[in-house]
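And the structure:
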């Protein structure tokens, strides 16, 4: 007996050889009588198409008692039919189950009969015929689908898909333009699978769909998009998807940091301008690579070196290979040696900057580059100014460290003493007196970076080994001080030190900044120029938030504005914090669980009595507040609940929207269900586990999980509900890709059960039930989609026509199959992956990949085969080493293996094929009809070997 492994190898080799032979003859027409088909992974294991990549070719499978056949056209004289095996001037007709030609071969193409009608193509258009060959629906459509049990089919006319009835009349409205295909299956209601086109949606809601020959991949420039033509050639299209730059490039690199895209094509490497211009097509660059963000390095042909282009692709300089290899980049500045000494390429400068001979870069910081020579130093600014010799800052040769703060360069000695501060124009900002003072005092930069603001403060160092006092260093480098000052404190920090969410701050200018000078007698409020303001000395002056700061004096807390105006607080306020303009949150005691209230100190009235465990900062009149664990909500400035306090936590998304986390015990916080709420307290999404909420750069809000995705406008009033679609941003457009969905259509063409991600079987049985499955599990549903039986885990199938459901599952490495009634009760179990029963037999797939029959008790029976099909009319197709035959219930061959493609028997008939002929046979294996190539044309023979078609054969044919 041949081993299983050897048999499998022989089958694979034979099928591969046949496939190669079929491919070699493809250009000559279907010389062979088997067709190559795609492997069907979704087929049941007893479906013979699961085990072979070939199907009947010269006679197609019987369906509704008819089999399609391709023969010399009845509309052509045999003198005009080429006898070269090309199948030219052949046409399609149909045989009945006894092999009689009942529909003459006159059609350009056909599909199998289904529910009494078959789709046929006549003069380029599709219609339907009845079993006698008469037109039931005239051929007027560009394409059609098959009719389903509900009496409807899908037809396409002028690009619009429409449901039609059996008379060809439209049913309902045309299908949505986003549907690529709608496949209707059997059952009442009918299972329908929906495939979607790739959709593009604009901010205004305009919808477009993938255009043949144009696949948009990325937004680029002003209203342009990178695209390919579907044949691996790339170019640029405009907003109407017309080619602006023809797709002649092998590749276009995705641009980054706002730089131009690089394209590689017949003219070498080029740059694509944001307006669609092609830059450098006449230069034939070997390659183009970005150097930082402001320059390009272009390889010249013939090993002539490199061209350096600016960000727009304009030539700046050419370098020899040696110069290019010796170049260095500091930020976006390029330094390289030349015959004239060191040179620098600075962004924005049309020509190289000459640095002279003997200079070497030693440090750089945000566009500033420090150079040293043998006995000199130089500084290159971000604007391309070369400070050297007399133009260099005094003492530059002593520089050891450089640092950029607030756009200014701080130059310090190696040992730490400050030499000066330089602006982007190369101007020293410190006068000699300030430089001198900085040698003995600690210079601190200020936290707020505003044009015209002071440079920093000078004070005693931490070691307290320098002179005492405090100095405010103004923007022009001058100093402001007072003998009474011991320390200066900036009162505008720009952020909360403790990381707590702060109320938004109105934009400041330099003249609104305030400082506090500490003196022996108290703290003095200073304006932006260091001048004392009218506020009396205070024991404490806090930081400004929302234009107000807390001060303390004579045992009382008060608030001040930037002009120093005082506002009284209630005497029983123990602690407070500004949470909105003119509003504080406050507590009355030092207790850790003391409740917080709200108080308007400008109007002098209480807004909300102390009752909150916490109150956050207000934005747009709303803040997060808490009453305790799992009691978090959103309040307005009167302390009224906008989002009720029954949630675990709430995070602000923007001024109008909130990310709300559901209360209740959770294993992990990240698994806690989340929903999006608006300022009116309305949930815009359901609570979903692992829901992600993100604020996009354009202000829109993206919300999504694995199962559902939305895009909301800034205020949440408008939404794009993407359901489970995946999307990519293409500039201000969205590319939307939807997964297939499954629903159920009624006889009126309406959705009885709307399409959804869950997969389902056809409806069958009485009452009608269907199997549905999604991530939550498998279940049986009624015709309204309501769950009637919840099924245990496993791989569930409900083969059409089977009274029992199949559950495949694994136990300790052993696959099993349960046969389950529609009420959920298990009737039978088989210790293998098995099929549905037919005539008391099922088919099992063994771990060795061999197949055996299963009897009515679930036990394996009979011999093993390479493939075994459904038992019908007492016979089942079976695969021997390399060919199919038919076996009886005991597994004995009744029809010997001789065929490459076969079908199960149905109504005492089956279709079988070898490479040379296709036949309709009876259960005894007798051929009732045979089609084969004779004298270069397809020829039909009857049960007695008589030729049935064509009536005459080609000239010089003796058959």
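In our numbering, the protein residues as written are 452 to 1410.
Just so it is clear, CB atoms sit at the ideal spot from N, CA and C, and this is done for glycine as well.
Quick caveat: nothing in here was measured; it's all calculated off a predicted structure.
Query                                                                                                                                                                          : Result
Quick check: the Cα distance between residue 1037 and residue 984, rounded to an integer number of angstroms?                                                                  : 28 angstroms
Mind checking whether residue 766 and residue 775 have CB atoms under 8 angstroms apart?                                                                                       : no
Fully enclosed by the segment 865-911, which beta strand (DSSP E) runs are 3 residues long or longer?                                                                          : 869-873, 893-896 and 907-910
Measuring alpha carbon to alpha carbon, tell me which of 679, 658 and 792 ends up nearest residue 666.                                                                         : 679
Considering only the alpha carbon of each residue, which of 781, 970 and 787 lies closest to residue 771?                                                                      : 787
Report the residue from 1377, 556 and 1144 whose alpha carbon sits nearest the alpha carbon of residue 573.                                                                    : 556
Just to check my reading of the structure: residue 1096 and residue 1084 have Cβ atoms closer than 8 angstroms, yes? What is that Cβ distance to the nearest angstrom?         : 4 angstroms
Is the segment 781-797 touching the segment 815-830 in the sense that three or more CB pairs, one from each, lie closer than 8 angstroms?                                      : yes
To the nearest whole angstrom, what separates the beta carbons of residue 507 and residue 1345, a pair I think is in contact under 8 angstroms?                                : In fact, because the Cβ distance is near 20 angstroms, the residues do not count as touching under 8 angstroms.
Suppose the cutoff is 6 angstroms on Cβ atoms and the five residues either side in sequence are ignored; what does the same chain contact list for residue 1023 look like?     : 1039
Is the CB-CB distance between residue 1250 and residue 643 below 8 angstroms?                                                                                                  : no
Okay, do the segment 1306-1314 and the segment 1275-1294 touch, 3+ Cβ pairs below 8 angstroms being the bar?                                                                   : yes
Taking 7 angstroms as the limit between beta carbons, can you name the residues of its chain near residue 905, skipping five residues before and five after?                   : 897, 923, 924, 925 and 926
Along the chain, where does the alpha helix (DSSP H) containing residue 772 start, and where does it finish?                                                                   : 772-777
Given this structure, state the Cα-to-Cα distance separating residue 1123 from residue 1139, to the nearest angstrom.                                                          : 8 angstroms
Would you kindly report the start and end of the unbroken beta strand (DSSP E) that includes residue 1051?                                                                     : 1047-1051
Quickly, what does DSSP pair residue 740 with across the bridge? List them, please.                                                                                            : 748
If you follow the beta strand (DSSP E) that residue 447 is in, where does it begin and where does it stop?                                                                     : Since the displayed the chain opens at 452 and closes at 1410, residue 447 lies outside it and no answer follows.
Inspect the beta-carbon positions of residue 1258 and residue 1289 and report whether they are closer than 8 angstroms.                                                        : no
Less than 7 angstroms between the CB of residue 1356 and some heavy atom of the ligand GTP, yes or no?                                                                         : Questions concerning the ligand GTP fall outside what the structure shown contains, since it holds no ligand whatsoever.
Check whether the segment 702-716 and the segment 736-751 are in contact - that is, three or more C-beta pairs closer than 8 angstroms.                                        : yes
Threshold first: 3 residues or longer. Then list the beta strand (DSSP E) segments lying entirely within the segment 587-646, N to C.                                          : 604-608, 611-615 and 630-635
Kindly indicate which residue of 578, 822, 801 and 570 has the alpha-carbon position closest to the one of residue 807.                                                        : 822
Taking only the alpha-carbon atoms, compute the straight-line gap between residue 1245 and residue 646 and give it to the nearest angstrom.                                    : 26 angstroms
By the DSSP assignment, the beta strand (DSSP E) with residue 585 in it spans what residues?                                                                                   : No beta strand (DSSP E) contains residue 585, which DSSP labels as neither H nor E.
Where does residue 1404 sit, in a helix, a strand or coil, going by DSSP?                                                                                                      : coil
Going by other Cβ atoms of all chains shown within 10 Å of its Cβ, with 16 needed for buried, is residue 939 buried or exposed?                                                : buried
Pick helix, strand or coil for residue 527, following the three-state DSSP scheme.                                                                                             : coil
By Cβ distance, which residues of its chain are closer than 7 angstroms to residue 1003, with the 5 residues on each side in sequence left out?                                : 989, 990 and 991
Is it the case that the segment 844-854 contacts the segment 867-883, given that we only count it when at least three CB pairs across the two stretches are under 8 angstroms? : yes
What residues in its chain sit with their C-beta under 7 angstroms from that of residue 1001, if we drop five residues either side in the sequence?                            : 993, 1008, 1010 and 1027
So residue 1101 and residue 1093 are in contact, right, with Cβ under 8 angstroms, and what is the actual spacing, rounded?                                                    : Actually they are not in contact, since the Cβ atoms of residue 1101 and residue 1093 sit about 11 angstroms apart, beyond 8 angstroms.
What residues in its chain sit with their C-beta under 6 angstroms from that of residue 1221, if we drop five residues either side in the sequence?                            : 1211, 1212, 1214 and 1232
Does DSSP put residue 1152 in a helix, in a strand, or in coil?                                                                                                                : strand
Could you give the DSSP three-state label for residue 842: helix, strand or coil?                                                                                              : helix
Which word fits residue 1202, buried or exposed, when buried means at least 16 other C-beta atoms lie within 10 angstroms of its C-beta?                                       : exposed
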